[in-house]
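Read through the structure below, which is laid out as structure tokens, and then see the notes.
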Amino acid sequence: MLGPNAGREGIINFVREVVREAGGDPCPPLVVGLGVGGTIEKAAYMAKKALLRPVGEKNDDPEVAGLEAEILKEVNRLGIGPLGLGGLFTALGVQAEVMPTHIASLPVAVNLQCHSIRHKEAIL
């Protein structure tokens, strides 16, 4: 739970710190699911739901899509790289879902998903 004055920079810093602390444990390159707003429970749900979008599909809201791009850039600057061995690609994508929240709080949840959990679908 961030303070209401954390704003955009607070969200970016929080996600960057979560990924930095996780290091190679979640088997990068990652897909980062981000939920912002609602209650903390709703934020956690949105972080998981965001991962259901195809990798690289941007949020419909241009402001949120910009936040996704900025966080991806910051996460990849960490240099954790594939399997935590160093490199340029710590994350393949950041996907965010947002909703309004009470003015006195800023719930933020991050879900780090291993690249290998992604799958392909086919209709037979």
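Heads up, the sequence shown is in the working numbering, so the first residue is 18 and it goes up one at a time. By construction, the Cβ of each residue, glycine as well, lies at the ideal position given by its N, Cα and C atoms. Since the model is a prediction, treat every value here as computed from it, not as a measurement.
query: Measuring straight from C-alpha to C-alpha, what distance separates GLU87 and GLY73?; result: 13 angstroms
query: Span of the beta strand (DSSP E) holding LEU123?; result: That residue, LEU123, is in no beta strand (DSSP E); it is neither H nor E in DSSP.
query: If you draw a straight line from the alpha carbon of VAL81 to that of THR107, how long is it in whole angstroms?; result: 21 angstroms
query: Determine which residues share a DSSP beta bridge with ALA86 and list them.; result: Looking at the DSSP assignment, ALA86 forms no beta bridge with any residue, so it has no partner.
query: Are there 16 or more other CB atoms within 10 angstroms of the CB of MET18, so buried, or fewer, so exposed?; result: exposed
query: Tell me, to the nearest whole angstrom, how far the beta carbon of ILE28 is from that of VAL125; I am working on the premise that it is less than 8 angstroms.; result: 6 angstroms
query: If I'm right that ASN76 touches ALA113 with Cβ under 8 angstroms, what's the distance once you round it to whole angstroms?; result: 6 angstroms
query: Return helix, strand or coil for ALA139, following the three-state DSSP convention.; result: coil
query: Please report the distance separating the alpha-carbon of THR56 from that of GLY96.; result: 32 angstroms
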